[in-house]
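Novice:
In my numbering, the protein residues as written are 21 to 252.
#1: Does the beta-carbon distance from residue 197 to residue 21 come in below 8 angstroms?
#2: On the DSSP bridge list, what partners appear for residue 167?
#3: Which value, in whole angstroms, describes the spacing of the CA atoms of residue 130 and residue 182?
#4: Contact defined as beta carbons within less than 8 angstroms: I believe residue 113 pairs with residue 90. What is the distance between those atoms, to the nearest angstrom?
#5: Where does residue 239 fall in DSSP's three states?
#6: Among 214, 58, 224, which residue has its Cα nearest to the Cα of residue 151?
#7: For residue 69, report the span of its alpha helix (DSSP H) as first-last.
#8: Relative to the C-alpha of residue 132, which candidate in 232, 239, 28 has its C-alpha closest?
#9: With a threshold of 8 angstroms on Cβ separation, who are the neighbours of residue 216 within its own chain once the five nearest residues in sequence on each side are excluded?
#10: Once you ignore the five residues that flank residue 118 on each side, which residues in its own chain have a CB closer than 6 angstroms to its CB?
#11: For a test of the three-state rule: what should DSSP assign to residue 52, helix, strand or coil?
#12: Return the first residue and the last residue of the alpha helix (DSSP H) that residue 216 is part of.
#13: What span of residues does the alpha helix (DSSP H) with residue 102 cover, start to end?
#14: Are residue 51 and residue 180 close, meaning C-beta to C-beta below 8 angstroms?
#15: Which value, in whole angstroms, describes the spacing of the CA atoms of residue 69 and residue 127?
Dropping the structure here:
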């Protein structure tokens with residue numbers, strides 16, 4: 021995981037990247053957020069395979085971009101950590117692309133009230149609350165992380181995936197939730213306290229998996245599923 025020295029280096033890298041990108045460090049997260057919110061609105065208003073795919077494509081592209089931003093920060097994080105972080109985000113993109121191909125996720129408003137509330141709360145938290153929390157805890161631009169980076173983006177993704185239960189990308193939900201707990205927790209403990217929100221999103225993701233375990237993995241399907249319980 022992360023120690024205090026590595027977290028400090030990450031924060032320095034964030035500042036360097038934001039300064040290097042200039043005004044685009046603000047514009048791109050806003051554009052990403054607007055696009056995702058718009059696509060989610062359309063998918064929630066009238067769920068369909070095409071609209072679900074559009075949301076997944078947007079997330080896949082954002083994670084590709086996020087992986088690139090980590091990779092170019094290798095002078096701050098160290099080559100091994102930067103490459104590992106970049107590959108981790110690009111792996112999320114791979115799972116999203118597989119989801120696009122096999123149709124694992126149908127994005128919709130959950131019929132279960134608690135899933136709907138948690139889903140929308142995490143979407144709000146990743147896009148709006150995360151930067152507000154950074155400011156409240158004393159972190160200021162350029163040493164701030166916005167939607168498009170791993171932590172806030174994954175908070176939103178967890179919200180989207182738990183809202184889609186039971187027809188959701190189960191392996192991805194498990195992986196990103198576990199990673200959020202350990203990454204967010206270790207980063208928060210070692211200096212970037214705002215990332216406790218990331219860890220909390222992971223905890224919520226795991227709890228929702230446990231609560232809905234029967235529906236996710238044991239419910240009889242009309243079609244054969246894969247080893248993760250996703251429909252063919």
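Idealized CB from N, CA, C, for every residue including glycine.
Predicted model only: the values in this text are computed from it and were never measured.
Specialist: Taking the structure as given:
#1: Numbered from its first residue, the chain shown carries residue 197 at position 177. Numbered from its first residue, the chain shown carries residue 21 at position 1. No, Cβ-Cβ distance for residue 197 and residue 21 is not below 8 angstroms.
#2: Numbered from its first residue, the chain shown carries residue 167 at position 147. As DSSP reads the structure, residue 167 sits in a beta bridge with 169.
#3: Numbered from 1 along the chain shown, position 110 holds the residue referred to as residue 130. Numbered from 1 along the chain shown, position 162 holds the residue referred to as residue 182. Going from the Cα of residue 130 to the Cα of residue 182 covers about 9 angstroms.
#4: Here residue 113 corresponds to residue number 93 of the chain shown, with the count starting at 1. Here residue 90 corresponds to residue number 70 of the chain shown, with the count starting at 1. Approximately 13 angstroms separates the beta-carbon atoms of residue 113 and residue 90; this is outside 8 angstroms, ruling out the contact.
#5: Taking the first residue of the chain shown as position 1, residue 239 is located at position 219. Three-state DSSP puts residue 239 in coil, outside helix and strand.
#6: Residue 151 sits at position 131 when you count from the first residue of the chain shown. Residue 214 is the option with its Cα nearest to residue 151.
#7: For the purposes of this step, residue 69 is taken as the residue at position 49 of the chain shown. Taken as a continuous stretch (DSSP letters only), the alpha helix (DSSP H) holding residue 69 covers 69 to 91.
#8: Working through the chain shown from its first residue, we reach residue 132 at position 112. Selected option, being the one with the closest Cα: 232.
#9: Taking the chain shown and counting its residues from 1, the one referred to as residue 216 is at position 196. 204, 205, 208, listed in sequence order.
#10: Within the chain shown, residue 118 is the residue found at index 98, counting from 1. Apart from the 5 residues on each side of it in sequence, residue 118 has no Cβ closer than 6 angstroms to any other Cβ in its chain.
#11: As a first step, residue 52 must be located in the chain shown, where it is residue number 32. The answer is helix: DSSP assigns residue 52 an H, G or I state.
#12: The sequence position of residue 216 within the chain shown is 196, counting from 1. Looking at the DSSP string, the run of the alpha helix (DSSP H) that includes residue 216 is 216 to 231.
#13: Along the chain shown, one-based indexing puts residue 102 at 82. It spans 99 to 122 - the alpha helix (DSSP H) in which residue 102 sits, taken as one unbroken run.
#14: On the chain shown, residue 51 is found 31 positions in, with the first residue counted as 1. On the chain shown, residue 180 is found 160 positions in, with the first residue counted as 1. No.
#15: The sequence position of residue 69 within the chain shown is 49, counting from 1. The sequence position of residue 127 within the chain shown is 107, counting from 1. Cα to Cα, the separation comes out at about 8 angstroms.
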